[in-house]
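Peer 1: Below you will find the structure I want to go over with you.
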Amino acid sequence: MENKLKQYRQQRKLTQAELAEAVGVTRQTIIAVENNKYAPTLRLALKIAAYFDVYVEEIFKL
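The opening position of the sequence shown corresponds to residue 185 in our numbering, with each subsequent residue numbered one higher.
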């Protein structure tokens, strides 16, 4: 699953650790999602989208 998570995070000047804490996962999970090594669960994708106040489809592409 291709995603723009890193771009959104960097635009907000957030560290991976800060984003991880905000959405309730580990920094390693954020790293894996950004590097397309791990496809987030629907729940996590929704939390991330809500955090950035965008639609899920704007960050994650199928």
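Beta carbons: idealized from backbone N, C-alpha and C, even for Gly.
These numbers come from a predicted model, not from an experiment.
(1) Expressed to the nearest angstrom, what Euclidean distance is found between the alpha-carbon atoms of Phe244 and Glu186?
(2) Are Tyr183 and Ala216 touching if we call contact CB-CB under 8 Å?
(3) Could you please give me the residues that DSSP links to Asn187 through a beta bridge?
(4) Quick one: residues in its chain with C-beta nearer than 6 Å to the C-beta of Lys188, no 5 flanking neighbours on either side, listed in chain order?
(5) Give the secondary structure of Thr213 by DSSP, where H, G and I count as helix, E and B as strand, and everything else as coil.
Peer 2: This is what the structure gives:
(1) 6 Å
(2) Beyond the ends of the chain as shown, which are 185 and 246, falls residue 183; an answer cannot be given.
(3) Phe244
(4) Ile243
(5) helix
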